[in-house]
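Student: My questions will all concern the structure given below.
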Amino acid sequence: MRALLVASITATKSCLTRTATQTVPLGLSCWRHNATAASESGKPQEQVQAGEQKDQVDVTALQNQIKEKDEQIAQLQDLYRRSLAEQENLRQRTKKEIDEKAIFAIQKFSKDLLTTADNLELTLKNSPPEEVRKDNKPLGDLFTGVSLTHAELLKCFKRHGIEKYEPLGEKFDPNLHQALFTGPVPGREPGTVFEVPKTGYVLHGRVLRPADVCVVKG
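Here this note's numbering runs 129 ahead of the position in the sequence shown, where the first position is 1.
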């Protein structure tokens, strides 16, 4: 009985000893864990603040880069629009020059034909009166032929943009008229044309030949 009691006491001491040795490391482990966590908890906060500052710097740098790119894009767009405008102006000028060359290519040839028109017109003006032409059939036929030729020539002129103008009674215009004589004319307003020795012609609105005129003196 005594031996059984001693064995029981010995087993109880051994259990308490084993429990004590296990309990101490567990508490120590918890303390070490808490200490480590406490010490490590300060480092991430500093790192987070540094990271946030770095992110802010990165964002500011990116915003500046975007602003610079936007300015460059705006400059390039402005240059592009200017280039398009210059090209359009050049195209219009070139087209206008080509059209004018095509329109006024016959200018020299037209001037040469004006002399023929003047001669036909002068022949008609200096022809005998109608009564004489009626009594003289060959002369009447000649007058009719010259008149038809002159009329057909003027039609041909008009088809190609050549038009005749007689500024009788108009105000003298140095751009359209060439004054041959100035003198007082009773009942006429000074500066007006009272006689047109030679008619003028225009080619598509441009003066081909100014009209020779006599102007009332002021």
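For glycine and all other residues, C-beta sits at the position ideal for the given N, C-alpha and C.
This one's a predicted model, so the numbers in the text were calculated from it and none came from an experiment.
By the DSSP assignment, the alpha helix (DSSP H) with Ala280 in it spans what residues?
Tutor: First-last of the alpha helix (DSSP H) with Ala280: 266-288.
Student: Please tell me whether His306 and Ala280 are closer than 8 Å, where the distance is taken between their beta carbons.
Tutor: Against a cut-off of 8 Å, the Cβ pair of Ala280 and His306 comes out as no contact.
Student: Buried or exposed: where does Val344 fall if 16 or more other Cβ atoms within 10 Å of its Cβ makes it buried?
Tutor: With 16 or more Cβ atoms within 10 Å of its Cβ, Val344 is classed as buried.
Student: Report the option in Val336, Gly347, Val342 whose CA atom is closest to the CA atom of Lys237.
Tutor: Here the closest residue by C-alpha is Val336.
Student: Quick one: Cα of Asp207 to Cα of Ile195, how far?
Tutor: Going by the C-alpha atoms only, they are around 18 Å apart.
Student: Can you tell me whether Thr328 is helix, strand or coil according to DSSP?
Tutor: DSSP places Thr328 in coil when its eight states are reduced to three.
Student: Once DSSP output is grouped into helix, strand and coil, what is the label at Cys343?
Tutor: Residue state, collapsed to three classes: strand.
Student: Only counting the same chain, and skipping five residues up and downstream in sequence, which positions put a Cβ closer than 6 Å to that of Glu292?
Tutor: Result list for Glu292: Val331, in chain order.
Student: Where Cys159 and Asp187 are concerned, what is the direct C-alpha to C-alpha distance, given to the nearest angstrom?
Tutor: Only weak support is given to the placement of Cys159: the predicted model assigns it a pLDDT of 41, under 50, and the value that follows is read from those uncertain coordinates. Distance between the alpha carbons of Cys159 and Asp187 is about 41 Å.
Student: Give me the Cα-Cα distance between Gly347 and Thr328, rounded to the nearest whole angstrom.
Tutor: Looking at the two C-alpha atoms, the distance is approximately 23 Å.
Student: I believe Thr278 touches Leu249 by the beta-carbon criterion, under 8 Å. Please report the beta-carbon distance rounded to the nearest angstrom.
Tutor: Confirmed, about 6 Å.
Student: Leaving out five residues before and five after Lys300 in sequence, what residues of the same chain have Cβ atoms less than 7 Å from its Cβ?
Tutor: Excluding residues within five positions, the ones whose Cβ falls inside 7 Å are Gly320, Thr321.
Student: Quick one: which unbroken alpha helix (DSSP H) runs of 4-plus residues sit fully inside the region 192-260? Chain order, please.
Tutor: Segments of the alpha helix (DSSP H) lying fully in the region 192-260: 236-254.
Student: Between which two residues does the beta strand (DSSP E) containing Leu337 stretch?
Tutor: Segment 335-338, the beta strand (DSSP E) holding Leu337.
Student: Looking only at DSSP bridge pairs, what is Val322 linked to?
Tutor: Val322 pairs with Val344.
Student: Would you decide whether Val342 is buried or exposed? Buried here means 16 or more other CB atoms lie within 10 Å of its CB.
Tutor: Burial call: buried.
Student: How about Ile232 and Gly298: do their beta carbons lie closer than 8 Å?
Tutor: Cβ distance not < 8 Å, so Ile232 and Gly298 don't count as in contact.
Student: Would you call Leu205 buried or exposed, if buried means 16 or more other Cβ atoms sit within 10 Å of its Cβ?
Tutor: With fewer than 16 Cβ atoms within 10 Å of its Cβ, Leu205 is classed as exposed.
Student: Does the Cβ of Asn163 have 16 or more other Cβ atoms within 10 Å, making it buried, or fewer, making it exposed?
Tutor: Any reading at Asn163 must be qualified, since the residue scores a pLDDT of 45, below 50, and its modelled position is unreliable; the value itself is stated next. Asn163 comes out exposed.
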